[in-house]
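In the working numbering, the protein residues as written are 44 to 675. We put the CB at the ideal spot given by N, CA and C, even for glycine. Reviewing the structure listed below.
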């Protein structure tokens, strides 16, 4: 009886078929989903920020660049002293999921601020800001401004968690890829120590992959706790609402399920006593499909959504980018850890790397080419113009990522040259574990930059704002244990809103903050602020003219007067610049196409060379004659 007809194997086959079917169905459900644009940016407000209205508005409307979660979004109307105006409430808006409508009472002449905080529906990023408007006659010298101000609410711990999540995802996918492709069993012609070493290294790679998957799920749990804390009272009810009522929660559940499933499969595959149902290609096909779903979930929670009609292509490019980066960088780290571990394979680390190095070289070369091509395409979608490459934090991180990618690729190329061809004979040197470790280190830092990019709004989101319109300016400082962040909006001559975030870095703080004041014009003008929520203070004042001024945040705490002086530059009203003509997308697309074309040429050359090296097949008659001669 054949193995495929063995009744004892049929239930195991059904298990894999069900797993494959579940993963495939989830992938089909997630692919057409509307992805995230990473930050819900305020793109328009009525009344417009910084303007003066003669008629009392009945409602205030805030429109954002992405869908927002109504359960975890809020806005309040504040008067010039920072006191909340009674009679305001958030109204249900049926015109779209990107609107926040605030019903206003009858307002007396004066200046008001709308303090808002929203949660992006897809990726769970929180942004907040203030819109300033005046009812009645405009203040002397106050220009008519139209700007949309927002402040990214992403704290540094979020970037650290994102980096850890990416590193662990790379370790999971890269470890599985190394076990499946690089450390697959060698041929029978290989020496027995080599075969034993490959099997031992394979088990270690699967162990690393299983551990990385489990830890990635733990980091995901920390993400849920942090998001719950930011969204409301820390408890089961808030977490349940997040998971069931937002797309961020749905993507979180899908990602955790994929991570746990991949970790479980890796742990099962590493067991020497695994059953027949874990042999053959079926489990590796399931691993490939589950990994594809995991990186698709990552792409759906990234910057690739708000790119217009090419949203689906952009998400697919980011998914391929994430998958190939994890295969390459995770594979490098896995090999480095396997080879660096004491008590290594019996055949020796150098012999093992020589035996399987060519496999990893091919895998890494293809992955690097796809990482570069998809990265170029995505950069063209995220950055509007060539000039914008040096204007924003996102663009600078993107350039740093490109430089580090070149360094890591160069280290990988140097390792490959020591393994293959005439160069290896000329160098007469064994494979360098130091080069591999250096490439792995560069890969870890590269993932750190990738995590920072995911948590940073791309410059293309600012195109939704009025070009050349003023925006808020934020400066940070500290005095003792008190950390202060001052934001002025719209930072132009005339009426402005002053927002201060103040908190102690010590736990518990030595004393409670009693009040906060902003002074400028060398202390001749002071704007008292009122606490509108814990640690956040707001007030309204006037800036006399453009130019450099000294702004001082004054903190009164425990009878002491703490000051944080900040150098400030007040902007002059600027006309909108002409539309940029140096668009980056055509250049990036051409470069990506060139990389893919080069990859295709090299692949064709490689296949042709392999075919030429294969021995020609003997004719049937000649084979029969050779058999008869051997029989004699």
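Beta-carbon contacts of residue i that lie in its chain and below 6 Å, excluding the five residues immediately before and after
i, result
"residue 494", "202, 205, 206, 209"
"residue 558", "599"
"residue 297", "340"
"residue 292", "285, 286"
"residue 468", "Unreliable placement is indicated for residue 468, whose pLDDT of 43 sits below 50; the coordinate value is still reported in the next sentence. None."
"residue 223", "327"
"residue 247", "381"
"residue 254", "none"
"residue 674", "Only weak support is given to the placement of residue 674: the predicted model assigns it a pLDDT of 47, under 50, and the question is left unresolved by the model."
"residue 335", "none"
Beta-carbon proximity list for residue i, same chain, < 7 Å, skipping 5 on both sides
i, result
"residue 114", "284, 288"
"residue 608", "593, 595"
"residue 217", "369, 370, 372, 373, 374, 376, 377"
"residue 367", "410, 413, 414"
"residue 534", "513, 515, 516, 613, 614"
"residue 418", "364"
"residue 282", "267, 271"
"residue 507", "Because residue 507 sits at a pLDDT of 41, beneath the cut-off of 50, its placement in the model cannot be relied upon, and the following sentence gives the value as read from the coordinates. Only 84, 86, 108 meet the Cβ criterion."
"residue 130", "148"
"residue 408", "none"
"residue 123", "153, 154, 583"
"residue 438", "426, 431, 432, 502"
"residue 444", "489, 492, 493, 496"
"residue 499", "436, 437, 440"
"residue 634", "419"
Identity of the residues DSSP links to residue i by a beta bridge
i, result
"residue 599", "558, 604"
"residue 593", "610"
"residue 420", "Partner(s): none; residue 420 has no beta bridge."
"residue 677", "Outside the modelled stretch of the chain, which goes from 44 to 675, sits residue 677, for which no answer is possible."
"residue 581", "542, 573"
"residue 519", "528"
"residue 6", "A query on residue 6 cannot be resolved here, the shown segment of the chain reaching from 44 to 675 and no further."
"residue 107", "85"
"residue 153", "178"
"residue 537", "586"
"residue 626", "428"
"residue 127", "121"
"residue 547", "525"
"residue 563", "568"
"residue 102", "146"
Spatial neighbours of residue i in its chain, beta-carbon cut-off 8 Å, leaving aside the 5 residues before and after
i, result
"residue 549", "524"
"residue 555", "600, 601"
"residue 477", "none"
"residue 134", "102, 144, 145, 146"
Unbroken beta strand (DSSP E) run spanning residue i, endpoints
i, result
"residue 308", "Run containing residue 308: none in the beta strand (DSSP E); it sits in the alpha helix (DSSP H), 290 to 313."
"residue 568", "568 to 576"
"residue 96", "94 to 96"
"residue 134", "132 to 134"
"residue 146", "142 to 146"
Where the alpha helix (DSSP H) containing residue i begins and where it ends
i, result
"residue 85", "Taken as a continuous stretch (DSSP letters only), residue 85 belongs to no alpha helix (DSSP H), being part of the beta strand (DSSP E) at 85 to 89."
"residue 343", "325 to 343"
(request) Assess, as a yes-or-no matter, whether the region 417 to 434 is touched by the region 452 to 460 under the definition of 3 or more beta carbon pairs within less than 8 Å. (result) no
(request) Inspect the CB distances between the region 539 to 546 and the region 581 to 588 and report whether three or more fall short of 8 Å. (result) yes
(message) With a threshold of 8 Å, are at least 3 pairs of Cβ atoms found where one atom belongs to the region 567 to 579 and the other to the region 483 to 494?
(response) Judged by Cβ distances under 8 Å, the region 567 to 579 makes no contact with the region 483 to 494, as fewer than three pairs qualify.
(message) For the structure I just gave you, are there three or more beta carbon pairs, one from the region 264 to 272 and one from the region 321 to 337, closer than 8 Å?
(response) no
(message) Which complete alpha helix (DSSP H) runs does the region 193 to 264 hold, if anything under 4 residues is left out?
(response) DSSP runs (the alpha helix (DSSP H)) wholly in the region 193 to 264: 199 to 220.
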